[in-house]
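First residue of the sequence shown: 1, per UniProt numbering; consecutive thereafter.
A virtual CB, placed ideally from N, CA and C, is assigned to each residue, including glycine.
Reviewing the structure listed below.
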Amino acid sequence: MKAARAVDALLATLDACDEATCAHSLATDAWARQIAKRLTLPDDLVERIATAGLLHDIGKIATPPSILLKPGPLDDAEWAVMREHAAAGAAMVAAIPALAAYAPIVRSHHERIDGNGYPDGLAGDAILFEARVVAVADAFHSMVSDRPYRRARLAGEAMEILRAGRGSQWDALVVDVMIDVVATRRTRAVDAELTSMLGRAG
């Protein structure tokens, strides 16, 4: 099975389990791609990072719906089950030859720079760079999205949380680039609105 078809099949399965998680995966792809482009990475690495963004939460296919779709905060035992999705997703991807190279990235997208992440407690440069990019894209979109247990945060609040975790939870350079990407989009949106208002006034 070719990589694109394999990705589409996995995403279709994820969508059947939870549309919101599938939509989040598509958004993580888009944010990760923008980060990678802003870093002026080679095209093949940009595509690798974006595809990893698509696949990062695929392990949630194996998460029990009672936990994945719970309309309230998870308790400690439920969080332990939820955290299994990183390793589960890596195993799913590793079983598909066309996607096996993405397994280490999927496994590592919840690792932290300070070593307090999961599932392996990796730290710093021991975490694949691709996973560090996906981690920031994943975190930002998660924060600005509604969840069953909380409302979406404003983009500015999410950016402050990223700044607070810069160099401890997330890669400092990737956080800086993510903030720049978001700030640029917000500036362009304001400029477009001002242009529209001036056009209406004229």
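A Cβ-Cβ distance of about 24 Å is found for the pair L54 and L74, leaving them out of contact under the 8 Å criterion.
Under the three-state reduction of DSSP output, R166 falls in the strand class. A direct Cα-Cα distance of roughly 23 Å separates A32 from R151. Relative to the Cα of V136, the nearest Cα in the group A16, A50, L14, A20 belongs to A50. Annotation: the continuous alpha helix (DSSP H) that includes L54 extends over 43–55. Proximity to M82 across G165, A95, I58 peaks at I58, based on C-alpha coordinates. In this structure, the straight-line span from the alpha carbon of L69 to that of D18 is close to 8 Å.
Taking a 10 Å sphere around the C-beta of E111, we find 16 or more other C-beta atoms and assign the residue as buried.
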